[in-house]
Structures are given as C-alpha cells and as structure tokens.
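Peer 1: Residue numbers (this note's numbering), protein chains in the order written: chain A, 2 to 111; chain B, 99 to 213. Submitted below is the structure of interest, expressed as structure tokens.
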Amino acid sequence: GQQVMQIPQYQHVQEGEDFTTYCNSSTTLSNIQWYKQRPGGHPVFLIQLVKSGEVKKQKRLTFQFGEAKKNSSLHITATQTTDVGTYFCAVIYTGNQFYFGTGTSLTVIP
Amino acid sequence: GAGVSQSPRYKVAKRGQDVALRCDPISGHVSLFWYQQALGQGPEFLTYFQNEAQLDKSGLPSDRFFAERPEGSVSTLKIQRTQQEDSAVYLCASSLGIGRVYEQYFGPGTRLTVT
Chain A
2 GQQVMQIPQY QHVQEGEDFT TYCNSSTTLS NIQWYKQRPG GHPVFLIQLV
52 KSGEVKKQKR LTFQFGEAKK NSSLHITATQ TTDVGTYFCA VIYTGNQFYF
102 GTGTSLTVIP
Chain B
99 GAGVSQSPRY KVAKRGQDVA LRCDPISGHV SLFWYQQALG QGPEFLTYFQ
149 NEAQLDKSGL PSDRFFAERP EGSVSTLKIQ RTQQEDSAVY LCASSLGIGR
199 VYEQYFGPGT RLTVT
C-alpha cells in the first residue's frame with residue numbers, strides 16, 4: 002500500500018518540553034485524521050481536519066492542515082507523561098482510499 | 099456504553115491451521131473495518147464493510163484471507179492455512195457513518211502468533 006511518511010519516527014523529550022510530529026503526502030489529501038496509540042493499546046481518534054489551512058486545538062494539542070492539503074502537523078505544548086504513545090496520521094485520498102502513516106513514537110522523560 | 103470488542107485477544111496457531119477472529123462493533127455503527135498491524139508499524143487496511151456489504155477488500159494480502167459480516171453487525175476475519183508472516187495484531191474498527199471520513203472506534207485487537 003501507499004506509505005505516508007511521518008517524521009520523526011521517534012522522539013524523546015523531557016517533561017515540559019514541546020513536541021511536534023509531521024505527516025507528509027506527495028498527493029493532495031481529502032481529509033486527515035490523527036490517532037494516538039498508547040503502548041499495548043489500540044488507536045484512539047483525536048481529530049479530523051478537512052479544510053485547507055485548518056487549525057484545531059484540543060487543550061495542549063494543536064493540529065494543522067497545510068494550505069496545499071498535502072501535509073499536517075500535531076504539536077503538543079508542555080508535554081506530560083500521559084502524552085506517551087505513538088501518534089499516527091491517517092490520510093484519506095479522493096476515492097476514499099485510507100492509509101495510516103508510519104507513526105511517531107513519543108517518550109516523555111519525567 | 100460498550101465499545102468495540104474483539105475475540106480472542108490472543109491466538110497462537112501452528113502454521114497451516116485456520117483461524118477465525120471475531121469483531122463486535124458498536125451497536126448501530128454502519129461501517130466496519132479490519133486492519134493488520136505489524137510490530138512497530140501503523141495499521142494497514144484490509145477490508146471495509148458498509149452494513150453487510152463488503153465494499154472494499156483491496157487490502158486483503160492473499161486469497162487465504164476472508165471476511166464476512168452477514169447480518170451487518172458482528173464480523174469475522176478468517177485466515178486459512180496460516181503462515182508465519184500472518185503474525186500480527188488484527189484490529190477491527192467501526193464508525194457511525196458511511197465511508198472513511200468518520201471517526202473510527204477501534205477494538206483492542208487480536209494478537210495472532212503463528213508458530
């Protein structure tokens with residue numbers, strides 16, 4: 002299947018530091034969703050972005066959809082140990098094709 | 099307020115055995131998805147149902163994989179003649195709406211180990 006690249010693959014941060022993961026596609030996306038998967042757990046939906054340039058916030062999390070609808074970012078301000086997990090973007094192309102990204106694994110050091 | 103449930107949670111199969119994995123979606127959810135997740139990777143799409151209709155099975159890796167949802171609720175993913183490369187976590191997800199543009203609720207997964 003198609004590969005949707007996320008960078009970085011791994012990120013270790015001190016508690017309180019900020020964290021950003023990027024999701025990049027070579028083709029235009031219809032929508033993008035973000036999921037969080039805790040170690041040993043299953044993906045949990047965080048948010049969906051639809052519009053070009055859209056920015057959504059959930060407490061310390063900020064999600065952005067690029068103007069060209071080819072990339073997206075998730076930014077966490079002042080990380081906490083509860084933020085530990087792998088963050089996946091899930092992209093939807095026109096034609097309803099749906100792919101998960103490669104994921105960014107976040108470790109927060111207390 | 100039950101979520102998506104899957105059974106069994108763990109399955110060990112000898113190579114060549116057939117296995118059946120069950121998914122109970124959230125009641126009333128129209129769409130149901132199956133994914134395969136290898137260790138350290140993102141979930142990979144296998145197949146999609148809208149009610150009882152299997153609208154997309156493009157992700158099934160071989161004809162050994164078969165899925166059904168005969169009454170539009172419970173779904174079963176069957177793998178015949180299991181191979182070692184089938185070892186993975188199999189995730190089921192359901193969503194209220196039609197298609198992939200709705201929030202998906204995932205089950206805990208079935209970890210399949212083929213020895």
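We treat Cβ as the ideally placed atom computed from N, Cα and C, and that holds for glycine. Quick caveat: nothing in here was measured; it's all calculated off a predicted structure.
Within its chain, find whatever has a CB closer than 7 Å to the CB of L227(B); leave out the 5 residues flanking it on each side and keep chain order.
Peer 2: Here chain B comprises residues numbered 99 to 213, so residue 227(B) is not present and cannot be evaluated.
Peer 1: Would you please state the rounded distance, in angstroms, between the beta carbons of A186(B) and Q115(B)? I believe it to be under 8 Å.
Peer 2: At roughly 16 Å, the Cβ-Cβ gap does not stay under 8 Å, so A186(B) and Q115(B) are not in contact.
Peer 1: Go through its chain and collect everything with a Cβ distance to S192(B)'s Cβ below 6 Å, but skip five positions before and after it.
Peer 2: The residues are V102, P123, I124, H127, L130 and Y203.
Peer 1: Can you tell me whether K70(A) is buried or exposed, with buried defined as 16 or more other CB within 10 angstroms of its CB?
Peer 2: buried
Peer 1: Which whole-angstrom value is the C-beta distance of L47(A) and I93(A), which I expect to be below 8 Å?
Peer 2: In fact, because the Cβ distance is near 15 Å, the residues do not count as touching under 8 Å.
Peer 1: What is the C-beta distance between T213(B) and V110(B), in whole angstroms, given that I count them as a contact (C-beta under 8 Å)?
Peer 2: 6 Å
Peer 1: Rounded to a whole number of angstroms, what is the C-alpha to C-alpha distance between N149(B) and P141(B)?
Peer 2: Just so you know, the alpha carbons of N149(B) and P141(B) end up roughly 22 Å apart.
Peer 1: Cutting at 7 Å between CB atoms, please list the residues of its own chain near F26(A), excluding the five before and the five after it.
Peer 2: Here residue 26(A) turns out to be Ser, not Phe, going by the sequence shown. Around S26(A): V5, K71, N72 and V92.
Peer 1: If you reduce the DSSP assignment to three classes, tell me which class D154(B) lands in.
Peer 2: strand
Peer 1: Whole angstroms is fine: what's the gap from V172(B)'s alpha carbon to V45(A)'s?
Peer 2: Rounded to the nearest angstrom, the two C-alpha atoms are 21 Å apart.
Peer 1: For G86(A), collect the residues of the same chain with a Cβ closer than 7 Å to its Cβ; drop the 5 residues on either side in sequence, then sort them by chain order.
Peer 2: K37, Q38, R39, P40 and L107
Peer 1: Note down, one range per segment and in chain order, each beta strand (DSSP E) of at least 3 residues found wholly within the region 181 to 210 of chain B.
Peer 2: 186 to 193
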